[in-house]
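Shown next, in C-alpha cells, is the structure this report addresses.
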Amino acid sequence: TEMPAEGNATQPGQAADLRASLEAKEKEAAENYDRYLRAMAEMDNYRKRAARDKEEAIKYGNEKLIKDILPILDSLDRALHQASETSVRNNFEAFQQGLELINSQILGCLERHGVVKIEAKGEEFDPDWHQALMQVEAPEMEGNRVVDEYESGYTLHGRLLRPSKVSVSKGVPKEGEGK
C-alpha cells in the first residue's frame with residue numbers, strides 16, 4: 028500500500044512541473060507573437076516610407092537640373108531685352124556672341140547632368156551613334172565618313188539619347204582606279 032502513496036506523491040509534482048512548463052511556453056509564444064506583430068508593423072512602415080521616398084525622388088528628381096537651367100533662362104531674358112534696344116539692333120555680332128554664350132551655358136548644364144554631345148563630323152560612320160540621312164560624294168574624304176551633321180546626337184551617362192543625323196561620304200573611286 029505504500030507504493031501507491033509514493034506514486035501519488037510524484038504525480039502532483041509532475042503536474043506542477045508540467046503546469047510551469049506550459050506557462051513558460053505560453054509566455055514564450057505570447058512574446059514571439061508580439062515580436063511577430065512588431066516586425067510586421069515595421070515592415071509595413073518601411074514599405075510606406077519607401078513608397079513615399081520613391082514618389083518624392085520622382086517628383087523632385089529634376090530639381091537640380093531645373094536649378095541649373097534657371098541662369099540660362101536669365102541669360103535668354105537679358106539677350107531678348109538687349110535685342111529690343113535700338114542701339115543693339117544694329118550690332119548683330121554682339122547678339123551672336125550672346126547666343127553663343129547661351130549655347131555654351133546649356134551644353135555645360137547638360138554635361139553637369141551626364142549628357143554628352145556626340146562628336147560626328149569627320150568621324151567614321153557608326154550606326155549605333157549616327158543616323159544617315161543621305162550619302163554624298165566627298166572626294167576629299169575616304170568612304171563611310173560623316174561629312175555633315177544636321178542634328179547633334181547626345182548620350183546620357185553613356186546611353187544613347189538621340190543619334191546624330193548626318194550625311195555620309197560615298198566611297199568614290201579615285202581617278203585611275205578600276206571599277
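Heads up, the sequence shown is in my numbering, so the first residue is 28 and it goes up one at a time.
Each residue gets a CB set at the ideal place from its N, CA and C atoms; glycine is no exception.
The three-state reading of DSSP puts Lys148 in coil, since its state is none of H, G, I, E or B. Taking 8 Å as the cut-off, the beta carbon of His157 is found closer than this to the beta carbon of Val173. In this structure, Tyr181 and Val193 do not form a Cβ contact; the two beta carbons are roughly 14 Å apart against a cut-off of 8 Å. In this structure, the alpha-carbon of His140 lies about 27 Å from that of Glu151. Excluding residues up to 5 positions away in sequence, Val173, Glu176 lie with their Cβ nearer than 6 Å to the Cβ of Lys148 in the same chain. With distances taken between CA atoms, Asp155 lies nearest to Arg186 out of Glu164, Arg186, Val163, Gly135. In this structure, the alpha-carbon of Gln124 lies about 14 Å from that of Ile99. By the Cβ criterion, the segment 50-61 is not in contact with the segment 99-110, since fewer than three pairs of Cβ atoms, one from each stretch, lie closer than 8 Å. Taking C-beta separations shorter than 8 Å and ignoring five residues to either side along the sequence, the partners of Ala106 in its chain run Phe122, Gly125, Leu126, Ile129, following chain order. Taking all protein chains shown into account, Val163 has fewer than 16 neighbouring C-beta atoms within 10 Å of its C-beta and is therefore exposed. The beta carbon of Ser196 sits closer than 6 Å to those of Ala165, Met168, Gly170, Arg172, Val174, all from its chain and outside the five residues before and after it, given in chain order.
Cα atoms of Gly40 and Leu49: separation of roughly 14 Å, rounded to the nearest angstrom. For a cut-off of 8 Å, the C-beta gap from Ser179 to Ile145 is around 7 Å, short enough to register as a contact.
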